[in-house]
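At position 28 of the sequence shown (counting the first as 1) the number is 28 in the UniProt record's numbering, and the numbers step up by one without a gap.
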Amino acid sequence: TDSIERHPGESLLFPDERTSLNDCHLRYYKYSQFWRNPGYNGVPARLFEFAHMGAIGWTMPPDSSIDWRCGGSLITGRFVLTAAHCAVDSRLGTTFFFGAV
1 TDSIERHPGE SLLFPDERTS LNDCHLRYYK YSQFWRNPGY NGVPARLFEF AHMGAIGWTM
61 PPDSSIDWRC GGSLITGRFV LTAAHCAVDS RLGTTFFFGA V
């Protein structure tokens with residue numbers, strides 16, 4: 001089964017279950033507000049507007065903290081498209097966080 005890490009305050013913003021990957025661009029609109037910083041070309045992005053965009057992290061020893069180094073786009077239920085430099089060595093990202101960008 002898939003393990004989903006919950007973050008502080010998540011229950012205030014996210015639905016408890018994902019119903020479909022086909023609605024990523026619409027899924028969180030009813031929970032959203034504008035970001036304080038402008039997005040692209042001065043046009044603000046709504047919170048969760050780009051739910052298919054996510055962060056890719058690497059688990060770091062000795063305390064298993066997560067080092068967020070790259071971003072990616074969820075292109076199917078099992079695949080994330082990212083830049084080549086994010087996968088050049090044998091250590092691939094181990095943690096993915098979607099839905100808050």
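Every residue, glycine too, gets a C-beta built ideally from N, C-alpha and C. Note that the structure is a prediction, hence the values are computed from the model and not measured.
Got a sec? Which residues, its chain only, sit under 7 Å from residue 37 by beta carbon, not counting five neighbours each side? Within the sequence shown, residue 37 is the residue found at index 37, counting from 1. Because the pLDDT of residue 37 is 46, which lies under 50, any placement of that residue in the model is unreliable, and the number read from its coordinates should be weighed accordingly. So no residue of the chain qualifies.
Please tell me whether residue 77 and residue 69 are closer than 8 Å, where the distance is taken between their beta carbons. Along the sequence shown, read from residue 1 onward, the residue named residue 77 stands at position 77. Along the sequence shown, read from residue 1 onward, the residue named residue 69 stands at position 69. No. Outside cutoff.
Classify residue 83: buried if its beta carbon has 16 or more other beta carbons within 10 angstroms, exposed otherwise. Position 83 of the sequence shown holds residue 83. With fewer than 16 other Cβ atoms within 10 Å, it is exposed.
Return the first residue and the last residue of the beta strand (DSSP E) that residue 65 is part of. By 1-based counting over the sequence shown, the position of residue 65 is 65. Segment 65-74, the beta strand (DSSP E) holding residue 65.
Anyone know if the C-beta pair for residue 96 and residue 80 falls short of 8 Å? Along the sequence shown, read from residue 1 onward, the residue named residue 96 stands at position 96. Along the sequence shown, read from residue 1 onward, the residue named residue 80 stands at position 80. In this structure, residue 80 lies closer than 8 Å to residue 96 by Cβ.
DSSP-derived helix/strand/coil call for residue 83: Stepping through the sequence shown from its first residue, residue 83 is reached at position 83. Looking at residue 83 - three-state DSSP - the assignment turns out to be coil, as it is neither helix nor strand.
Considering just the uninterrupted stretch of the beta strand (DSSP E) at residue 98, what are its terminal residues? Within the sequence shown, the letter at position 98 stands for residue 98. Counting along the chain, the unbroken beta strand (DSSP E) around residue 98 starts and ends at 95-98.
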